[in-house]
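Since the structure comes first, as structure tokens, the remarks are kept for the end.
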Amino acid sequence: MIASTRNWLDDVFAAIAFAEVNEFETAREFLKTKRARKKKFSWDSVFTAISFAEEGEFETAKHFLRSGSRVLLLLEEDIPLTQELFHYIQGLIKPMNTAVEVFYIGEYIPDKLKEFVKPLREEGLFYGVIQVKDKEVCDEAVVEYIKRHPDVDFYVIKPSKEVAQPHEERILKTLWQKMGIPFILIKQKEFA
């Protein structure tokens with residue numbers, strides 16, 4: 001009871017914050033989207049998952065138990081991919097029982113990416129990779145993706161080596177202010 005009231009109040013305060021900056025439509029949409037995202041607990045899903053697990057169909061069982069939400073990981077072509085990043089993502093999404101979808105901005109998808117998502121795929125925590133080849137249209141592509149997938153709870157961004165470009169700042173501003181989707185910015189570790 002207390003947890004559901006707290007969640008409802010979080011939604012209301014977020015809508016108020018948008019309304020205070022004259023984003024009335026966004027505030028209304030935010031409340032509708034947040035309400036639509038909530039998935040009710042179902043014993044049918046639990047028993048169905050148990051049946052599949054007893055038959056050795058573990059991936060199907062995980063599908064029935066998954067929360068229905070997803071995390072969007074934004075990666076750019078010029079950012080080096082590391083195993084640390086994917087261990088961080090795995091540690092982030094596994095306790096939440098949600099899966100990650102990689103939104104890759106770049107001309108070519110590196111083979112390293114396939115290697116790093118393999119453990120996530122084996123645990124049923126990976127949806128797939130979406131590629132956007134042109135950086136100039138990536139902000140619109142991300143917004144469209146989130147509109148089509150209202151189950152995105154938040155997104156994770158690995159920072160670039162350079163100072164943020166105007167299109168990168170637009171992505172953050174658009175997603176945060178217009179879509180009401182929180183984000184996590186992973187900072188680069190500095191080694192002395």
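With my numbering as the guide, the letters of the sequence shown map in order to residues 1 to 192.
Quick reminder that beta carbons are idealized off the backbone N, C-alpha and C, glycines included.
Rank the options by C-alpha distance to the C-alpha of residue i and give the top, closest one.
i, options, result
"aspartate 134", "Phe154, Tyr104, His149", "Tyr104"
"leucine 92", "Leu72, Pro80, Asp111", "Leu72"
"isoleucine 89", "Lys112, Leu120, Asp11, Ile79", "Leu120"
"glutamate 123", "Glu57, Asp10, Asp44, Glu84", "Glu57"
"glutamate 115", "Lys94, His149, Asn97, Glu84", "Glu84"
"valine 102", "Asp78, Leu113, Ala49, Glu55", "Leu113"
"methionine 96", "Asp153, Asp111, Asp11", "Asp153"
"proline 150", "Ala14, Asp10, Glu29", "Glu29"
Are the CB atoms of residue j and residue i within a distance shorter than 9 Å?
i, j, result
"valine 117", "phenylalanine 86", "yes"
"glycine 198", "glutamate 76", "Lying before the first or after the last residue shown, residue 198 is absent from the chain, which here runs from 1 to 192."
"arginine 70", "tyrosine 108", "no"
"cysteine 138", "valine 132", "yes"
"leucine 81", "alanine 99", "no"
"isoleucine 157", "leucine 74", "yes"
For the beta strand (DSSP E) holding residue i, just list the boundary residues, first then last.
i, result
"isoleucine 109", "Segment: none, isoleucine 109 is in no beta strand (DSSP E) and carries neither H nor E."
"aspartate 153", "152-157"
At which residue ranges does the region 70-146 contain complete alpha helix (DSSP H) runs of 4 or more residues, listed in the order of the chain?
Whole alpha helix (DSSP H) segments, 4+ residues: 83-93, 111-122.
Three or more beta-carbon pairs under 8 Å between the region 136-154 and the region 53-62, yes or no?
As far as the Cβ criterion goes, the region 136-154 does not touch the region 53-62, which means the pair count is below three.
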